[in-house]
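Chain order of the listed sequences is V and F.
Just so we're aligned, residue 0 is where the first sequence starts under numbering that gives the first Met the number 0, counting upward by one.
Just so we're aligned, residue 0 is where the second sequence starts under numbering that gives the first Met the number 0, counting upward by one.
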Amino acid sequence: MSNSPRPVRNVAAAVATSLLAALAGCMGDAPQSTLHKNSDLADMTWGVYMLVTWITLAVGVVVFALLAYVVFRFRDRGEEGIPEQVHGNTRLEIAWTLVPLALVVAMAIPTVRTIFAAAAPAPEGAVKIKAVGKQWWWEFEYPELGVTTANEVHIPAGVPVAFEIVSADVIHSLWLPQFGGKRDAVPGRTNHLTFTARDTGNFVGQCAEYCGDSHALMKLRLVVQEEADFQRWVQEQKAPAQGDLVASGKPGPKAFLEGGCIACHQVRGNPIAAGRIGPDLTHVASRGTIGSGILDNDAESMRRWLRDPEGVKPGSLMKLPHKLSEQEVETLTQYLLELK
Amino acid sequence: MSATPLTAHPAHAPPAAAPSGIWDWITTVDHKKIGLMYGVTAYGFFLLGGIEALVIRAQLVKPQSELVSAQFFNALFTMHATTMVFLAVMPLSAAFFNYIVPLQIGARDVAFPRLNAFSYWLFLLGGLLINLSFLLGFPPDGGWFAYASLSERMYSHSPAMDYWVVGLLVLGTASLAAGVNFIVTILNMRAPGMTMMRMPVFVWMTLVVQFLVVLSFPIITVGLIELLLDRTVGTNFFLPLHGGDPLLWQHLFWLFGHPEVYILILPAMGMVSEVLPTFSRKPLFGAPFVVFSGILIGFLGFGVWSHHMFTAGLGPVADAAFSATTMLIGVPTGVKIFNWIATMWGGRLRFTTAMLFSVGFIALFTIGGLSGIMHASPPIDLHQQDSYFVVAHIHYVLFGGAIMGLFSGIYYWFPKVTGRLLDEGLGKVHFTLQFVALNIAFFPMHFLGVDGMPRRVFTYDEADGWHLWNLVSTVGAWMIPIGLLVFMYNVWWSARRGPRAGDDPWDGASLEWAISSPPPVHNFDAIPNVPSDRPLWDQKYGDATLGLDRRDPHIHLPPNSYRPLIAAAGVTTVFGAFLIRGHDIYRHLLDAPGSTIQSIPFSSLFLATVATGVIVLLYGLYTWFFEPVE
Ligand SMILES: [Cu+2]
Ligand SMILES: [Cu+2]
């Protein structure tokens, strides 16, 4: 590639880009598209992704052209006798063994390079994030920053982040399409995903490994922020809930206790709300979604969720000790939306 | 067409007390009848798996659809794949091994006819057992590769996955028995003169497949038994809390699972390698190349399994190594495609329906092969793994490849089996409908995968942007049955009214076309001499003679036997007992959710069922071994 004269390369690049645009046109403007890239890892992958795509497409075109030619050219037109009985041609056959072999080598070399480059250990100063896959939501812990949150992970732009991916139950897969693909969360091991995000914004991802009933509803959000915004977010998340939000006797904390929520959920600042089975709710209202990215975080969704978690998410492990009364639902909704 | 002199002899007189009707089918050891039974049963399962697929596609036709529940959807995709792989494509191939291989090698039956019947019955019973789960309300829902720890009791309490494990153990036993049988048959029962390099390519591919079966099924059997013990006895092979490893299951499964891919596709490649030369009126171009690449694919097939685990975190060295072997396996596959095209080059192509399906196979399999090369590269696979791109890939390989090849085989050999030709007009309608429909169904899945849609999701949101291509795909999927209805009508009509085929309707080259259609019970009046790799062709167009115009003075055929069915019932009962254990544990866990599996006693029903199964099996085997064979 690198030796070909410039004009050729430019034309090739132009053709490639327009074909790619045409191809992308076949695909909707999907937020999880693998064709958008927003990290160094995604950039690194992009070269191989495109190289292999074009090689395979080219081979496909050649094979289809040959097939079409043969099918039209050699169809029986009622000639007499039998065609020449050719048994083979060793030279030809060696040729069409070597050509694919060469193409394989051409694809394997950048592949292997990228594999090793992507597996490099996280650089000093990377933001460490532990991602824990659980049926059917994600817990994110920033061990060095003292932050724990769920389903919405914030990272700074331009700073390397190092995910440590683990599972609390079955195998899940953390898939952030625009940041360089997916890595499995396997019980009993730790997998790594390291990248530096480029543009700020909100991005979506999804669990990619089938993990039981609500696998389809195990989404997540990734928020890329400017460094300063990120630091502000960290400070907000670190702060425990205070005042009316933890004071016993107030309707919110009381309903949270009586509804049995404390068994599974943590609201830091409130010593009796220390459950670890479900997401940390200390700042649940600061998140854009609930139920791992499937419901907007507003009063209506909150009511829906509290009335019937299993109706929203089949098999959900939020098993309530008793069905909440409408009164309780209302109190809890108001309460949760104040946990900013 | 009038009968040729070869078959002017009345068919060999059957033994005096030959059974008739249904009893004959139950006790038959004739490879041709067993082949037909495999074919019909597998086709029934193919329809069942197809219906499951149609419901899956109906659910996904629009965002947030509520046609079926999440749990049922998960069961549907689990059973769709399990059914298509183990109950449809494998046994459909087995139908052809059974019917065609002995004819192509000039044999009167397989090496072990009763073992053959035993395989069939185990296949049928295993298939029924696994589907019984639907009737009892516990369809397996752990995915067709049943990844631990989701498939463990801790996360799948109900007996659903017990059905899956037990069913697969029974089916695996069937495949192993058949594998041994066909290896011995092909190695030992070839007619004089048929050296290995004179064997038809279909026989070669069958041989490779049987070696793959015999080497790969023990691996999954080990995994299945470990999973069964984890689930029913409380061992911890795949549970990390107690020192097990869920990745161990993945290694065992894919070390079987990748060769399994070739178990599914090589038979179709063999069929295509028969059909293309016949209708090009030329020999297969570079037959030895095709054979050796088949063998190479078989070998390499055992060295690529971890390409299913690029996201599992095996480390860069393993990823690089398995990536390289996987890309490498594309080379012999590519060689075959070029050899097939070269076979047609310079030929006189007759586009019969069989030929159309073979050409369709080449086109569609090429697409599936090339997308496979893409995810052989781990950086790309990190995008495509577990996305709809992979769903597109496997359907191009298995539907576009295996199923198209199998239909090619059906149209090709139907006249040999029934003595009548399928209607070509209807056949072409079937081909066109199927070819168009499957592309509409499966091509958009590439786009969905690129757009980030994960596989195995029972729903998606409007905001995901996947609805258009899901809608298109569903329309295509629902068109597939139209072609199949045409096909089934064609079979039903042609089997009774179709034009007589005669012995050699396609001007074939291999031995099966030298005998009557349908073949006599004993296949060959005289065991032929095989002078070349295209014996019949060379007899017709050269000066070779097969020596079929004689009649062997003594033709020995084994008598019917019901013992294989007894033995198969015994095996199924022993494995089936573990379903009782599964139900017992489930009931206990419902009563006392915290209890451990070890603390749950074995019920007497379970023990009695195991004992009954063992006794039935021993009785079946004992009487089988001492059964008079004259
Ligand atoms: Cu999942
Ligand atoms: Cu594989």
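Every residue, glycine too, gets a C-beta built ideally from N, C-alpha and C.
*asked:* Quick check on V:Phe-202 - is its C-beta less than 7 Å from some C-beta in chain B?
replied: Among the protein chains in the structure shown, which are V and F, there is no chain B.
_Within-7 Å CB hit, F:Pro-14 to chain V_ = The pLDDT assigned to F:Pro-14 is 46, lower than 50, so where the model puts this residue is not dependable, and the model offers no usable value.
*Can F:Glu-151 be considered in contact with ligand 1, in the sense that its beta carbon sits closer than 6 Å to one or more heavy atoms?*
no
*Grab the span of the alpha helix (DSSP H) containing F:Leu-206 for me, first residue to last.*
200-231
*Compute the Euclidean distance between the alpha carbons of V:Gly-80 and F:Thr-351, then round it to the nearest angstrom.*
19 Å
_Beta-carbon neighbours of V:Arg-182, restricted to chain F and to distances below 8 Å_ = Thr-310, Gly-312 and Leu-381
*F:His-257 Cβ short of 6 Å to ligand 2 heavy atom set*: yes
*Any idea what DSSP makes of F:Ile-599, helix, strand or coil?*
coil
*asked:* Quick check on V:Trp-95 - is its C-beta less than 7 Å from some C-beta in chain F?
replied: yes
*Taking F:Asn-528 and F:Gly-546 to be in contact with their CB atoms under 8 Å, please state how far apart those CB atoms are, rounded to whole angstroms.*
5 Å
*asked:* Once the 5 residues before and after F:Thr-220 are set aside, which same chain residues still bring their CB inside 6 Å of it?
replied: Gly-171
*F:Gly-242 lies in the beta strand (DSSP E); which residues open and close that run?*
First-last for F:Gly-242: undefined, no H or E at that position.
*For V:Gly-251, count neighbouring C-beta atoms within 10 Å of its own C-beta (all shown protein chains included) and say buried if the count is 16 or more, exposed if not.*
buried
*With distances taken from CA atoms, which of F:Met-343, F:Phe-288 and F:Ala-177 is nearest F:Val-334?*
F:Phe-288
*Exposed or buried, F:Ser-386, counting other C-beta atoms within 10 Å across all chains shown (16 or more means buried)?*
buried
*What does V:His-190 reach in chain F if we use C-beta pairs closer than 7 Å?*
Residue identity differs from the one stated: residue 190 of chain V is Asn in this sequence, not His. Result: Gly-312.
*asked:* Would F:Gly-243 and F:Phe-236 qualify as a contact pair, given that the criterion is a beta-carbon distance under 7 Å?
replied: yes
*Rounded distance between the beta-carbons of F:Ala-41 and F:Pro-90, thought under 8 Å*: 4 Å
*Just to confirm, are F:Thr-608 and F:Ala-576 a CB contact at a threshold of 7 Å?*
yes
*C-beta atoms of F:Leu-616 and F:Gly-569 nearer than 7 Å*: yes
*Is it right to say F:Phe-625 is buried, meaning 16 or more other beta carbons lie within 10 angstroms of its own, or is it exposed?*
exposed
_With H, G and I counted as helix, E and B as strand and the rest as coil, what does DSSP make of V:Pro-155?_
strand
*Closest by CA to V:Gly-132, which one among V:Pro-155, V:Tyr-141 and V:Ser-172?*
V:Ser-172
_Between V:Arg-267 and V:Pro-239, how many whole angstroms is the CB-CB distance? I'm expecting something under 8 Å._
4 Å
*asked:* According to DSSP, simplified to helix, strand and coil, what is V:Ser-32?
replied: coil
*Residue-chain proximity (F:Gly-507, chain V), Cβ-Cβ < 7 Å*: no
_Under 7 Å, Cβ to Cβ, is there at least one residue of chain F near V:Thr-55?_
yes
*Give a yes or no on whether the minimum CB-CB distance between V:Glu-92 and chain F is below 7 Å.*
yes
_CB contact check: F:Phe-457 to chain V, cutoff 7 Å_ = yes
*Kindly provide the ranges of any alpha helix (DSSP H) runs that are 4 or more residues long and lie completely inside the region 337-402 of chain F, ordered along the chain.*
352-374, 377-383 and 387-396
*Buried/exposed call for V:Ile-271, threshold 16 Cβ in 10 Å*: exposed
_Closer than 8 Å is the cut-off here; do at least three beta carbon pairs connect the region 86-94 of chain V with the region 414-423 of chain F?_
no
*Using a beta-carbon distance below 7 Å, is F:Asp-385 in contact with chain V?*
yes
*Any 3 or more C-beta pairs closer than 8 Å across the region 241-260 of chain V and the region 177-189 of chain V*: no
*Any residues in the region 266-286 of chain V with a beta carbon nearer than 7 Å to a beta carbon of chain F? Which ones, in chain order?*
none
*For F:Pro-194, which of helix, strand or coil comes out of DSSP?*
First, the amino acid is wrong: residue 194 of chain F is Thr here, not Pro. Here F:Thr-194 sits in coil by DSSP.
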